[in-house]
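S.K.: The sequence shown begins at 3 in my numbering and counts up one residue at a time. By construction, the Cβ of each residue, glycine as well, lies at the ideal position given by its N, Cα and C atoms. One structure, pasted below without further comment.
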Amino acid sequence: MPLFMDVHRNVDATVEDVVEAHKKDVETQEKHGVKYLNYWVDEDEGAVFCLFEGPSKEAGEKVHEEAHGLTADEIFEVEQGEAT
Numbered sequence: 003m004p005l006f007m008d009v010h011r012n013v014d015a016t017v018e019d020v021v022e023a024h025k026k027d028v029e030t031q032e033k034h035g036v037k038y039l040n041y042w043v044d045e046d047e048g049a050v051f052c053l054f055e056g057p058s059k060e061a062g063e064k065v066h067e068e069a070h071g072l073t074a075d076e077i078f079e080v081e082q083g084e085a086t
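Written out as structure tokens, the structure reads:
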């Protein structure tokens, strides 16, 4: 399944807020064939990054829309490299 990284910019939220939003994503993800794998928060820069597997960018975006309404500014299809 394709792997995606989404980017949320200018986020006015604490780490705790992002934890709660991620929990809501996980509760909603199955409905859209998506699996949220991990997320990262840069509170100082107001940025959040989410890694997910799914059939499309749009499927991941629908999860965010339905779960909490905090949609991404950008979504990239990515490939995971191997550590050497």
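For A74, is the classification buried or exposed, using 16 other Cβ atoms within 10 angstroms of its Cβ as the cut-off for buried?
M.R.: For this step, residue 74 is matched to residue 72 along the sequence shown. With 16 or more other Cβ atoms within 10 Å, it is buried.
S.K.: Grab the span of the alpha helix (DSSP H) containing D27 for me, first residue to last.
M.R.: Position 25 of the sequence shown holds residue 27. Start and end: 17-31.
S.K.: If you compare alpha carbons, which of E76, M7, Q82 is closest to V36?
M.R.: Translated into positions along the sequence shown, residue 36 becomes position 34. It is M7.
S.K.: By the DSSP assignment, the alpha helix (DSSP H) with E79 in it spans what residues?
M.R.: Looking up residue 79 in the sequence shown gives position 77. Where E79 is concerned, there is no enclosing alpha helix (DSSP H), although the beta strand (DSSP E) it sits in stretches over 76-80.
S.K.: The alpha helix (DSSP H) that contains A49, what's its start and end?
M.R.: As a working note, residue 49 is residue 47 in the sequence shown. Where A49 is concerned, there is no enclosing alpha helix (DSSP H), although the beta strand (DSSP E) it sits in stretches over 49-55.
S.K.: Given a cut-off of 8 Å on the beta-carbon distance, is the pair V20 and Y41 in contact?
M.R.: As a working mapping, residue 20 is identified with position 18 in the sequence shown. As a working mapping, residue 41 is identified with position 39 in the sequence shown. The answer is yes: Cβ separation under 8 Å.
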